[in-house]
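Residue numbers (the working numbering): 767 to 961.
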DNA sequence: AACCCGATTTACT
DNA sequence: GTAAATCGGGTTA
């Protein structure tokens with residue numbers, strides 16, 4: 767059935783991995799769900815933390831693939847990325863909650879279902895991800911991404927919250943999902959359509 | 001200063 | 001229901 771994604775899956779350009787992750791299942795401890803929104807960042811990318819080379823914060827982006835890069839955003843949220851090729855990673859922006867929902871609701875405080883994991887900060891709060899998870903390898907017990915159950919209709923759009931390289935269509939969404947942080951814009955591109 | 005954001009309020013279709 | 005405005009708040013380089 768759903769096998770864990772192997773390390774070579776991640777050892778590719780982040781934009782490819784980001785698109786292919788849509789529809790896969792993220793598991794953190796007892797909770798998880800279907801990945802419905804991602805963004806790619808790489809070493810040639812002015813919007814990426816890695817563009818100026820390694821620093822203490824972004825060290826994980828230069829480490830092995832299939833590991834977590836977790837950083838603090840705006841002083842109060844954590845953001846979860848999965849490392850791909852050197853200096854690149856995929857930001858996990860939203861999942862459709864599938865299991866461990868009570869645990870996630872408890873960590874988030876009462877929040878409506880479609881907002882439980884809709885956004886990078888909400889998602890890490892729901893899953894209990896913090897800076898302590900930076901550098902953590904996938905496939906460690908209770909931390910995994912599983913293959914998609916079936917083909918998923920994916921669209922590509924502009925990334926959110928950046929001021930550099932805004933035109934790169936490196937945000938990927940499950941078409942029609944109600945669990946994304948923001949719906950696609952008018953100029954979102956069809957990316958991969960199941961046949 | 002700038003930042004890969006979220007919760008809340010206020011205002012509109 | 002979307003859209004804009006506002007504030008909160010740590011860390012980076």
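Where a beta carbon is used, it is the ideal one built from N, C-alpha and C, also for glycine. Predicted model, so just to flag it, every value in this text is computed and none were measured.
Check, Outcome
"Runs of beta strand (DSSP E) wholly within the stretch 805-891 (minimum 3 residues, chain order)", "834-839, 843-849, 855-865"
"Distance, residue 874 Cα to residue 851 Cα", "32 Å"
"Cβ-based neighbour list, residue 778, same chain, cut-off 7 Å, excluding 5 preceding and 5 following", "850, 851"
"Beta-carbon gap between residue 848 and residue 860 smaller than 8 Å", "no"
"Residue nearest to residue 926 in terms of C-alpha spacing, selected from 909, 890, 939, 915", "939"
"Cβ pair count under 8 Å reaching 3, the stretch 865-880 against the stretch 916-932", "no"
"Rounded C-alpha distance that separates residue 838 from residue 896", "8 Å"
"Cβ pair count under 8 Å reaching 3, the stretch 945-956 against the stretch 796-805", "yes"
"At least 3 beta-carbon pairs within less than 8 Å: the stretch 779-786 vs the stretch 823-830", "no"
"Three-state class that DSSP yields for residue 803 in the structure shown", "strand"
"Simplified DSSP state of residue 775, which is helix, strand or coil", "helix"
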